[in-house]
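Down below is the structure, laid out as structure tokens.
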Amino acid sequence: MWRQFRKFSSNSSFSAKEKKWDALIIGGGHNGLTAAAYLARSGLSVAVLERRHIIGGAAVTEELIPGFKFSRCSYLQSLLRPCVIKELELKRHGLKLLKRSPSSFTPRLDGRYLLLGSDKEQNYSEISKFSKSDADAYSRYESQLDKFCEFMDPLLDSSTPETLQGSSHLNTRMRHKLQNSAFWANCLRRALHLGQKDLVDLMDLLLAPASKVLNNWFEADVLKVTLATDAVIGTTASVHTPGSGYVLLHHVMGESDGDRGIWSYVEGGMGTVSSAIAAAAKEAGATILTNAEVSKLMIEDTGRVHGVLLADGTILHSSVVLSNATPFKTFMDLVPDDVLPRDFQNAIKCSDYRSATTKINLAVDRLPQFQCCNLSHPDAGPQHGGTIHIGPESIEEMHSAAQDAENGLPSQRPIIEMTIPTVFDKTICPSGKHVIGLFIQYTPYKPSDGSWENPVYRESFAQRCFSMIDEYAPGFSSSIIGYDMLTPPDLEREIGLTGGNIFHGSMGLDSLFLMRPVKGWSNYRTPIEGLYLCGSGTHPGGGVMGAPGRNAAHVVIEDFKKS
303 MWRQFRKFSS NSSFSAKEKK WDALIIGGGH NGLTAAAYLA RSGLSVAVLE
353 RRHIIGGAAV TEELIPGFKF SRCSYLQSLL RPCVIKELEL KRHGLKLLKR
403 SPSSFTPRLD GRYLLLGSDK EQNYSEISKF SKSDADAYSR YESQLDKFCE
453 FMDPLLDSST PETLQGSSHL NTRMRHKLQN SAFWANCLRR ALHLGQKDLV
503 DLMDLLLAPA SKVLNNWFEA DVLKVTLATD AVIGTTASVH TPGSGYVLLH
553 HVMGESDGDR GIWSYVEGGM GTVSSAIAAA AKEAGATILT NAEVSKLMIE
603 DTGRVHGVLL ADGTILHSSV VLSNATPFKT FMDLVPDDVL PRDFQNAIKC
653 SDYRSATTKI NLAVDRLPQF QCCNLSHPDA GPQHGGTIHI GPESIEEMHS
703 AAQDAENGLP SQRPIIEMTI PTVFDKTICP SGKHVIGLFI QYTPYKPSDG
753 SWENPVYRES FAQRCFSMID EYAPGFSSSI IGYDMLTPPD LEREIGLTGG
803 NIFHGSMGLD SLFLMRPVKG WSNYRTPIEG LYLCGSGTHP GGGVMGAPGR
853 NAAHVVIEDF KKS
């Protein structure tokens, strides 16, 4: 039986191991912290258990080279749900967004470049350098994506209309059916409002390869490559993979201070997102513990969770546990053997956790000078402020990069997204120096020609990336003071991302909505009574969104009230 809501101070005299918590949360990533904030605000006593010495998970800022603070994994903000920012008052707790304009820069080896941003007239002028017809089509393309995002947006901030699990009272079943009927009726109304033509176009975007979508809209390689990066970022998919169009849409769903599709830096790095959420959670009474690795979930003979066992032998008691770990980590590593239904366990085990992503964070003594811009002064220009796209210069070259990884090899010419947050944020590096992030693919988890555990192999690939940048910005390699490199195995070992997958699992159409993390269990509940998921492996998926944490907390609160 659930207890009545009780409010505990995070400064309670009870020690963590002496008291029974209303809820424990495994993992202090941004979704776990978000769940903690909402649960604590509802009056529950909550403890967050973070394995590392620092909170944030993949949304973290770390000073790995003296004076240089890196957004070590995630590096831009747009997807964080507006309701989370508003309801948790994150700006009051220190969140400051630094909008970028222009938002992207794509240099080419032939000496030309493309700058894109929020200025429609500038976009038209820039694209016209390559194709007048593409310039005419681009605003229509953006308008269509905005329309699709508005259609999808309400799906992000609520649980899925999952079928009712387990036995329940007649009143509960009737209420659940009414809720699901209302959900689908609302979807139908919005579909009718969208209209058949746009609905068919949306289905085409969701199901088609990104290459087909972009080839239907545009002719210039430079524009297609710039846009296609969003369709494959963080995945193992090629631009020719069916369904890659959805990931393209997923990455334009966000906003910054109401501006749709705009990505921002966060002052102080992405760890500021996590620290702001943590501050809101602690203000509401939540307790956050670091260096508190959970080794096992404790399950009663009745099949209900009743606490966790920490790696140091400490037992914490609670009849509710939310896991912000990946579904694989939660069910394959933390749940005792022979507890889960076999079909559920197999579905979790067979889910796609592959990754081909590497992140390199660099400290440099000067900005890269791109020869296509004909600028020789050291100051930051518009080319430095946005995402800088380096590498493949055509859709087919992007596909070749993916094929290399499919064959077990790191891409010969990898896709590189370069960001330089210190153009806007002077708080994360010494004066006159800069921090640069390189988000790179494709790098297979287990290369067939070597091992990421081999320092020589790692250095060889890093130098391959630096040499590619030298082709566009001569002298870049000589500006490097030091760097940190996270390959898929590093992301798994250090951050806890199974397979190194930044989304906690594939974002393919077979792993979304009612099928995330697995069919029949998309509403944050699990086959173990009292155990919930609240991480990116649940609906609506990956990215620094906060939606899984918020949605999961609301489900827990709803279950609490029913008991």
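If you want my numbering, it's the 1-based position in the sequence shown plus 302. The beta carbon of each residue, even a glycine, is placed where N, CA and C say it ideally should be.
message = Taking the straight line between their C-alpha atoms, what separation do you get for Asp654 and Lys631?
response = Cα to Cα, Asp654 sits roughly 13 Å from Lys631.
message = For Lys864, tell me which candidate among Asp421, Tyr443, Pro456 and Ser470 has the shortest Cα-Cα distance.
response = Closest option to Lys864, Cα to Cα, is Ser470.
query = How long is the line joining the alpha carbons of Phe453 and Gly843, rounded to whole angstroms?
reply = Answer to the nearest angstrom: the Cα atoms are 17 Å apart.
request  = Consult DSSP for Gly845 and reduce its assignment to one of helix, strand or coil.
outcome  = DSSP places Gly845 in coil when its eight states are reduced to three.
inquiry  = Please identify the residue among Asp614, Leu642 and Pro791 whose C-alpha is closest to the C-alpha of Leu351.
reply    = Answer by Cα proximity: Asp614.
inquiry  = One question on the structure: do Tyr834 and Val820 come within less than 8 Å of each other, judged by their Cβ atoms?
reply    = Remark: C-beta atoms of Tyr834 and Val820 do not approach each other more closely than 8 Å.
Own chain partners of Ser561 with C-beta closer than 8 Å, once the 5 adjacent residues on each side are dropped = For clarity, residue 561 is Asp in the given sequence; the question names Ser instead. Only Lys401 and Ser420 meet the Cβ criterion.
query = Between Gly832 and the rest of its own chain, which residues show a CB-CB distance below 6 Å, the 5 nearest in sequence each way excluded?
reply = Taken in chain order, the residues that qualify are Arg606, Val607, Ser621 and Val622.
query = Does DSSP classify Asn866 as helix, strand or coil?
reply = The chain is shown from 303 up to 865; residue 866 falls before or after that span and cannot be answered.
message = Can you tell me whether Met600 is helix, strand or coil according to DSSP?
response = Residue state, collapsed to three classes: strand.
task = Throw me the rounded Cβ distance for the Thr531 and Ala349 pair, which I believe falls under 8 Å.
result = Not really, about 40 Å apart at Cβ, beyond 8 Å.
key: Cβ-based burial, Ala484 [other Cβ within 10 Å; buried from 16]   = The residue in question, Ala484, is exposed, as its Cβ has fewer than 16 Cβ neighbours within 10 Å.
Identity of the residues DSSP links to Gly358 by a beta bridge = In the DSSP output, where bridge partners are listed per residue, Gly358 has Gly331.
task = Rounded to whole angstroms, what's the CA-CA distance from Ser311 to Ser347? Just pull it up for me.
result = Caution applies to Ser311, whose pLDDT of 37 falls short of 50 and renders its modelled position unreliable; the value that the coordinates give is listed next. Each residue's alpha carbon lies about 8 Å from the other.
task = Report back the beta-carbon spacing between Thr574 and Gly329 to the nearest angstrom; my notes put them in contact at under 8 Å.
result = So it is not a contact: roughly 19 Å between Cβ atoms.
task = Please confirm whether Lys739 and Thr724 have their CB atoms less than 8 Å apart.
result = What sits at residue 739 in the sequence shown is Gly, not Lys. Between Gly739 and Thr724, the CB-CB gap reaches or exceeds 8 Å.
key: CB-CB length for Glu701 against His542, believed under 8 Å   = Strictly speaking, residue 701 in this sequence is His, with Glu absent from that position. At roughly 5 Å, the Cβ-Cβ gap stays under 8 Å, so His701 and His542 are in contact.
inquiry  = Threshold first: 3 residues or longer. Then list the beta strand (DSSP E) segments lying entirely within the region 501-547, N to C.
reply    = Within the region 501-547, no beta strand (DSSP E) run of at least 3 residues lies entirely inside it.
request  = Name the residue from Leu788, Met572, Ser824 and Asp667 whose alpha carbon lies nearest to the alpha carbon of Ile357.
outcome  = The residue with the shortest Cα to Cα distance from Ile357 is Met572.
key: N- and C-terminal bounds of the alpha helix (DSSP H) containing Met700   = That run of the alpha helix (DSSP H) goes Ile697 to Glu708.
key: Terminal residues of the beta strand (DSSP E) in which Thr660 lies   = Counting along the chain, the beta strand (DSSP E) containing Thr660 begins and ends at Thr659 to Val666.
request  = Can you give me the start and stop residues for the alpha helix (DSSP H) that Gly585 sits inside?
outcome  = The question names Gly, yet the displayed sequence has Glu at residue 585. Gly573 to Glu585 is the extent of the alpha helix (DSSP H) around Glu585.
ask   = What are the boundary residues of the beta strand (DSSP E) that Val350 is part of?
value = Run containing Val350: Val348 to Leu351, per the beta strand (DSSP E) assignment.
inquiry  = Between the region 335-347 and the region 761-773, can you find at least three pairs of beta-carbon atoms closer than 8 Å?
reply    = As far as the Cβ criterion goes, the region 761-773 does not touch the region 335-347, which means the pair count is below three.
task = Return the residue from the list Ser576, Ile617 and Leu642 that minimises the CA-CA distance to Asp603.
result = The shortest Cα separation from Asp603 among Ser576, Ile617 and Leu642 belongs to Leu642.
Helix, strand or coil at Thr363 [DSSP, three-state] = In the three-state reduction of the DSSP assignment, Thr363 falls in the strand class.
query = Is Gly556 closer than 8 Å to Leu381 when the C-beta atoms are compared?
reply = Inclusion of Leu381 and Gly556 in the CB contact set at 8 Å is warranted, their separation being smaller than that value.
inquiry  = Measuring alpha carbon to alpha carbon, tell me which residue in Ile717, Cys652, Asn518 and Asp455 is nearest Glu408.
reply    = Inspection of the sequence shows that residue 408 is occupied by Thr rather than by Glu. Across the set Ile717, Cys652, Asn518 and Asp455, the C-alpha of Ile717 shows the shortest separation from the C-alpha of Thr408.
query = Between Pro638 and the rest of its own chain, which residues show a CB-CB distance below 8 Å, the 5 nearest in sequence each way excluded?
reply = Around Pro638: Lys598, Leu599 and Ile601.
Reduced DSSP category for Leu811 - H, G, I as helix; E, B as strand; rest coil = Helix, per DSSP.
task = Counting only the same chain and skipping the five closest in sequence on each side, list residues whose C-beta sits under 7 Å from that of Gly497.
result = Counting only Cβ-Cβ distances below 7 Å, and skipping sequence neighbours, we find nothing.
ask   = CB of Ser625 to nearest heavy atom of the ligand COA: below 7 Å?
value = By its list of ligands, the structure shown contains no ligand whatsoever, and the ligand COA lies outside what it can speak to.
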